[in-house]
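Asks: Let me give you the structure first, and then I'll get to my questions.
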Amino acid sequence: MPSDLLQRPERAAPAASRTAPRRRTRVFALAEARWAAAALVLFLLALPLQLTGAPAWTWGPLYAAAYVTGGWEPAWAGLTALREKILDVDLLMIVAAIGAAAIGQVMDGALLIVIFATSGALEALATARTQDAVRGLLDLAPTTATRLADDGSEMTVATEDLVVGDTILVRPGERVGADGRVLTGASEVDQATITGEPLPLAKEAGDEVFAGTLNGTGALRVKVERDASDSVIARIVAMVEEASETKAPTQLFIEKVEQRYSLGMVFATLAVFLIPLAFGADLTGSLLRAMTFMIVASPCAVVLATMPPLLSAIANAGRHGVLVKSAVAMERLGHVDAVALDKTGTLTEGTPRVTDIRPLDGSGLDQNSLLALAAAAEHPSEHPLARAVVDAARTRGLVIADMRDFTSTPGVGVSAAVDGHTIAVGAPARLLDRNDTEAARAAQVSADLEAGGRTAVLVLRDSVPVGVLGIADRLRPDAAATVAALTTLTGSTPILVTGDNPRAAARLAAEVGITGDEVHAGLLPQDKVEAVRRLEARGRKVLVLGDGVNDAPALAAAHTGIAMGRAGSDLALETADTGIAMGRAGSDLALETADTVIVRDELATVPTVIALSRAARRRVVQNLVIAAVFISGLVIWDLVGHLPLPLGVLGHEGSTVIVGLNGLRLLRDAAWNRAAQDMR
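If you count by numbering that gives the first Met the number 0, then the sequence shown holds residues 0 to 679, one letter each, in order.
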């Protein structure tokens with residue numbers, strides 16, 4: 000290999016960090032923060048002048064400027080909403096501040112403006128920081144890459160200028176410039192920032208690599224397979240940005256109530272003002288009490304109670320490799336109280352291996368020819384068992400014949416025309432519909448393999464059984480702990496719903512702690528749907544955790560579906576209410592179709608994100624209680640006694656700030672760690 004390919008470039012050295020650099024939006028980068036700060040400075044300049052008895056012309060313009068700098072944005076937002084026949088709390092606060100100034104309470108109105116502008120800046124900062132948590136992934140991708148021309152010459156180009164089909168050179172120590180597939184070369188690539196895998200993975204010709212991952216000691220020539228805007232990192236960022244724009248059902252309910260509440264509050268404010276006047280009360284006193292009532296009764300804290308906790312939970316999960324697409328998905332995850340689990344690819348690693356090759360007597364086939372025949376029929380399929388058959392044939396160096404007329408029936412198997420014969424490969428229980436000697440021998444061999452905990456795959460040639468393959472999958476290391484955690488979360492043991500044979504299903508269920516009554520094996524897709532509906536008929540909110548096309552109907556029928564989808568199982572992801580794609584190197588992650596994506600191949604993150612969702616729900620409830628206590632207490636004080644306007648402003652806006660900060664607590668890593676620890 001040429002020496003220039005092995006030379007470690009100096010500019011690659013800083014790229015060795017395995018973690019995503021943290022973006023943090025600076026406070027004063029936000030317009031809301033700058034206007035709030037300006038209003039605060041003006042208020043602090045005016046206040047001592049007023050308190051020391053300075054002439055009004057010295058502090059009056061300062062207060063006026065504070066009104067303008069701190070109030071123009073919420074005033075504009077309120078007027079815009081009013082044009083759409085929506086009464087916004089922003090407008091109510093501005094009206095209250097102007098009303099206070101109109102009766103001579105200029106300082107009190109300015110204080111309201113300053114605190115209200117500050118709470119708005121806090122909300123803007125919270126939203127920006129939730130996006131920062133995952134958008135920092137963009138910094139992992141290099142800005143330039145070395146593109147190879149057809150004549151072998153090199154050119155340094157911007158990664159955004161790379162197009163599908165380009166070939167790039169990744170030297171030792173460099174970060175990969177684009178999502179693609181290795182053409183030549185061998186190296187180890189650190190994918191921790193994308194997949195969460197603790198150790199670098201060996202990469203050679205045919206393996207997929209992701210933009211932003213760190214190359215090791217070898218040089219790789221990579222063919223670009225995705226544009227920069229469609230890379231895994233870019234799609235992660237786009238999905239998180241979309242999440243910040245969604246609203247949870249709780250938030251939608253609060254907004255509906257807010258409109259009626261705000262209208263009612265306006266009428267109540269008029270009543271608080273007019274009724275005392277009718278009984279001879281002082282005009283200024285009545286107006287001041289009415290303005291105070293409008294301020295303390297405004298539902299600002301209630302409106303802010305829901306989204307900060309949910310967005311903070313989304314951002315926190317994103318930092319730990321679980322990317323939730325919407326606030327709706329985050330909220331729904333916390334409601335589940337029953338779980339249905341698939342077996343292959345879910346509780347197991349999803350990379351089964353052929354362990355037995357059993358040609359039947361009289362078939363005229365040996366092990367290699369039987370395996371090659373099955374691989375030819377299975378070649379177009381993306382099912383894990385099909386991949387195992389094809390991989391076994393390739394490992395043996397067998398020639399895989401061309402096929403045509405491929406068909407796939409979920410839960411049954413595949414069929415194709417190979418070398419003039421119709422070859423069917425699938426579940427023995429579904430394909431054996433004969434009562435002859437060949438069928439009896441095939442059934443016996445299948446039973447022997449299944450008794451040993453392996454999955455039997457029957458091969459038919461022109462409807463005649465010719466052999467059986469034994470396939471075994473390895474249990475995920477964290478499967479038992481995940482089942483235990485889900486049991487703790489829901490209060491009931493998950494059920495196992497699988498199309499696999501009862502013996503293999505029972506054996507695996509026993510290993511992970513699922514009891515015999517909860518094991519449902521040999522199911523067709525419609526049978527899985529029926530199992531889910533039986534649970535929901537008992538009033539349970541069911542979470543289905545599965546992968547593949549055959550799980551798609553159950554995922555669609557469930558309250559929440561988590562699709563652990565590798566490449567080829569997009570149908571499952573499309574039909575899931577909450578699709579989670581868990582993929583190792585080489586999988587597509589199905590970011591476009593999944594509502595939630597786990598970029599680390601860790602089953603244990605599923606109960607953790609559910610626990611985090613429940614923590615977010617608790618924060619929402621806490622916030623609503625805080626808001627209700629403050630609003631009711633201040634309103635009663637104002638109606639029964641005499642609540643000073645400055646105290647009302649501090650109490651109302653203080654509760655808004657408290658609610659916002661309480662929601663932001665879920666941004667901390669400690670919240671994720673606590674959720675994970677609670678599951679152990």
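Glycine is no exception: its CB is placed at the ideal position from the N, C-alpha and C atoms. Note that the structure is a prediction, hence the values are computed from the model and not measured.
Would you tell me roughly how many angstroms separate the C-alpha atoms of GLY585 and ALA446, rounded to the nearest one?
Replies: Here residue 585 refers to the residue found at position 586 when the sequence shown is read from its first residue. Here residue 446 refers to the residue found at position 447 when the sequence shown is read from its first residue. In this predicted model, GLY585 has a pLDDT of only 29, less than 50, meaning its place in the structure is not dependable enough to derive any value.
Asks: Leaving out five residues before and five after GLU203 in sequence, what residues of the same chain have Cβ atoms less than 7 Å from its Cβ?
Replies: The residue you call residue 203 lines up with position 204 of the sequence shown. These residues qualify, in order along the chain: VAL181, ALA185.
Asks: Could you round the C-beta distance between VAL658 and ASP107 to whole angstroms and report it? I think they count as a contact, below 8 Å.
Replies: For the purposes of this step, residue 658 is taken as residue 659 along the sequence shown, with counting starting at 1. For the purposes of this step, residue 107 is taken as residue 108 along the sequence shown, with counting starting at 1. With a Cβ gap of about 22 Å, VAL658 and ASP107 do not count as contacting.
Asks: Ordered along the chain, which non-local residues of its own chain (more than five positions away) have a Cβ less than 8 Å from that of LEU522?
Replies: For the purposes of this step, residue 522 is identified with residue 523 of the sequence shown, where counting begins at 1. Here the set comprises GLY410, VAL496, THR497, GLY498, ALA530.
Asks: Taking just the CA atoms, how far does VAL327 sit from THR291?
Replies: Taking the sequence shown and counting its residues from 1, one reaches residue 291 at position 292. Taking the sequence shown and counting its residues from 1, one reaches residue 327 at position 328. Computed Cα separation, rounded: 36 Å.
Asks: In the DSSP assignment, the beta strand (DSSP E) including THR354 goes from what residue to what residue?
Replies: Locating residue 354 in the sequence shown gives position 355, where the first residue counts as 1. Its beta strand (DSSP E) spans residues 352-358.
Asks: If you pair each beta-carbon of the segment 407-423 with each one of the segment 368-382, do three or more pairs fall below 8 Å?
Replies: yes
Asks: Could you name the residues of the same chain whose beta carbon sits closer than 7 Å to that of ASP165, not counting the 5 residues immediately before and after it, in chain order?
Replies: For the purposes of this step, residue 165 is taken as residue 166 along the sequence shown, with counting starting at 1. The answer, listed in chain order, is ARG146, VAL223.
Asks: For GLN104 and VAL541, what's the separation of their Cα atoms in angstroms?
Replies: Start at 1 with the first residue of the sequence shown, and residue 104 comes out as number 105. Start at 1 with the first residue of the sequence shown, and residue 541 comes out as number 542. Straight-line measurement puts the Cα of VAL541 at about 56 Å from the Cα of GLN104.
Asks: If we call anything under 8 Å between Cβ atoms a contact, is ILE294 one with LEU111?
Replies: Your numbering for residue 294 matches position 295 in the sequence shown. Your numbering for residue 111 matches position 112 in the sequence shown. A contact, by the Cβ cut-off of 8 Å.
Asks: With three or more C-beta pairs closer than 8 Å as the rule, is the segment 422-429 touching the segment 452-461?
Replies: Between the segment 452-461 and the segment 422-429 there are three or more C-beta pairs closer than 8 Å, enough to call the two in contact.
Asks: Of all the options ASN672, ASP668, GLY650, which has the alpha carbon lying nearest to the alpha carbon of THR300?
Replies: Residue numbering aside, residue 300 sits at position 301 when the sequence shown is read from its first letter. The sequence shown places Ala at residue 300, not Thr. The candidate whose alpha carbon is nearest that of ALA300 is GLY650.
Asks: Tell me which residue opens and which closes the alpha helix (DSSP H) that SER631 is part of.
Replies: Here residue 631 refers to the residue found at position 632 when the sequence shown is read from its first residue. Run containing SER631: 604-639, per the alpha helix (DSSP H) assignment.
Asks: Return the first residue and the last residue of the beta strand (DSSP E) that ALA423 is part of.
Replies: Position 424 of the sequence shown holds residue 423. Here the beta strand (DSSP E) through ALA423 covers 420-425.
Asks: ARG403 and ALA392 - do their beta-carbons sit closer together than 8 Å?
Replies: What you label residue 392 is simply residue 393 of the sequence shown in a count that begins at 1. What you label residue 403 is simply residue 404 of the sequence shown in a count that begins at 1. No, the pair does not count as a contact, with Cβ atoms beyond the cut-off.
Asks: List the endpoints of the continuous alpha helix (DSSP H) containing LEU445.
Replies: Here the question's residue 445 lines up with position 446 in the sequence shown. Checking the sequence, you will find Ser at residue 445 rather than Leu. Boundaries of the alpha helix (DSSP H) harbouring SER445: 436-450, taken from the DSSP string.
Asks: Taking the C-alpha atoms as reference points, what is the distance between ALA674 and LEU124?
Replies: As a working mapping, residue 674 is identified with position 675 in the sequence shown. As a working mapping, residue 124 is identified with position 125 in the sequence shown. In a straight line, the C-alpha of ALA674 is about 25 Å away from that of LEU124.
Asks: Assign GLY516 to buried or exposed, taking buried as 16 or more other Cβ atoms, counted over all protein chains shown, within 10 Å of its Cβ.
Replies: Reading the sequence shown from its first residue, position 517 is the one you call residue 516. Note that residue 516 is Asp in the sequence shown here, rather than Gly. Flag for ASP516 reads exposed.
Asks: Return yes when the Cβ of LEU309 is within less than 8 Å of the Cβ of MET329, no when it is not.
Replies: As a working note, residue 329 is residue 330 in the sequence shown. As a working note, residue 309 is residue 310 in the sequence shown. A contact, by the Cβ cut-off of 8 Å.
Asks: Here's the rule I'm using: 16 or more other beta-carbon atoms within 10 Å means buried, otherwise exposed. How should SER631 be labelled?
Replies: Within the sequence shown, the letter at position 632 stands for residue 631. Under this definition SER631 is an exposed residue.
Asks: Identify, in the order they occur along the chain, each residue of the same chain with its Cβ nearer than 6 Å to the Cβ of GLN676, setting aside the five sequence neighbours on each side.
Replies: As a working mapping, residue 676 is identified with position 677 in the sequence shown. Cβ neighbours of GLN676 beyond the five flanking positions: none.
Asks: Give the straight-line distance between the Cα atoms of GLU196 and GLY344, rounded to the nearest whole angstrom.
Replies: Within the sequence shown, residue 196 is the residue found at index 197, counting from 1. Within the sequence shown, residue 344 is the residue found at index 345, counting from 1. Because GLU196 carries a pLDDT of 45, less than 50, the predicted location of this residue cannot be relied on, and the following value inherits that uncertainty. Near 17 Å, if we compare the C-alpha coordinates of GLY344 and GLU196.
Asks: Which term fits TRP671, buried or exposed, when burial requires 16 or more other beta carbons within 10 angstroms of its beta carbon?
Replies: The count along the sequence shown starts at 1 and reaches residue 671 at position 672. So TRP671 ends up on the buried side.
Asks: Does ALA35 come out as helix, strand or coil in the three-state DSSP assignment?
Replies: In the sequence shown, residue 35 corresponds to position 36, counting from 1. Residue state, collapsed to three classes: helix.
Asks: Let's see if you can read the secondary structure: which residues bound the beta strand (DSSP E) around GLY659?
Replies: Stepping through the sequence shown from its first residue, residue 659 is reached at position 660. No beta strand (DSSP E) holds GLY659; the alpha helix (DSSP H) holding it covers 644-663.
Asks: List the whole-angstrom C-beta distance separating ARG613 from GLY333, where the pair is believed to meet the contact cut-off of C-beta under 8 Å.
Replies: Your numbering for residue 613 matches position 614 in the sequence shown. Your numbering for residue 333 matches position 334 in the sequence shown. Yes, ARG613 and GLY333 are in contact; Cβ-Cβ is about 4 Å, under 8 Å.
Asks: Would ALA296 and VAL634 qualify as a contact pair, given that the criterion is a beta-carbon distance under 8 Å?
Replies: Along the sequence shown, read from residue 1 onward, the residue named residue 296 stands at position 297. Along the sequence shown, read from residue 1 onward, the residue named residue 634 stands at position 635. Cβ distance < 8 Å, so ALA296 and VAL634 count as in contact.
Asks: Hey, how far is the Cα of ALA157 from the Cα of ALA144?
Replies: On the sequence shown, residue 157 is found 158 positions in, with the first residue counted as 1. On the sequence shown, residue 144 is found 145 positions in, with the first residue counted as 1. Each residue's alpha carbon lies about 6 Å from the other.
Asks: For PHE266 and LEU286, which I take to be in contact (beta-carbon distance under 8 Å), what is that distance rounded to the nearest angstrom?
Replies: As a first step, residue 266 is located in the sequence shown; it is residue number 267 there, counting from the start. As a first step, residue 286 is located in the sequence shown; it is residue number 287 there, counting from the start. Contact flag wrong, Cβ pair sits at about 16 Å.
Asks: Compute the distance between the beta-carbons of THR57 and LEU48, then report whether it is under 8 Å.
Replies: Looking up residue 57 in the sequence shown gives position 58. Looking up residue 48 in the sequence shown gives position 49. Yes.
Asks: So ALA38 and ALA116 are in contact, right, with Cβ under 8 Å, and what is the actual spacing, rounded?
Replies: Taking the sequence shown and counting its residues from 1, the one referred to as residue 38 is at position 39. Taking the sequence shown and counting its residues from 1, the one referred to as residue 116 is at position 117. That pair is a contact at about 5 Å.
Asks: Using DSSP with H/G/I as helix, E/B as strand and the rest coil, what is ARG393?
Replies: One-based indexing of the sequence shown puts residue 393 at position 394. Residue state, collapsed to three classes: helix.
Asks: Taking 8 Å as the cut-off, decide whether the C-beta atoms of ALA603 and ASP472 are in contact.
Replies: Here the question's residue 603 lines up with position 604 in the sequence shown. Here the question's residue 472 lines up with position 473 in the sequence shown. In terms of Cβ geometry, ALA603 and ASP472 do not form a close pair [threshold 8 Å].
Asks: If you count every other CB in all the chains shown that lies within 10 Å of the CB of HIS641, and 16 or more means buried, which is it?
Replies: For the purposes of this step, residue 641 is taken as residue 642 along the sequence shown, with counting starting at 1. Counting Cβ neighbours within 10 Å, HIS641 comes out exposed, since fewer than 16 surround it.
Asks: Can you round the beta-carbon distance between GLY179 and VAL208 to whole angstroms, since I take them to be within the 8 Å contact cut?
Replies: Translated into the one-based positions of the sequence shown, residue 179 becomes position 180. Translated into the one-based positions of the sequence shown, residue 208 becomes position 209. Rounded, the Cβ-Cβ distance is 6 Å, consistent with contact.
Asks: Start and end of the beta strand (DSSP E) containing ASP464?
Replies: For the purposes of this step, residue 464 is identified with residue 465 of the sequence shown, where counting begins at 1. As written in the sequence, residue 464 is Pro, which differs from the Asp given in the question. Note, PRO464: beta strand (DSSP E), 463-471.
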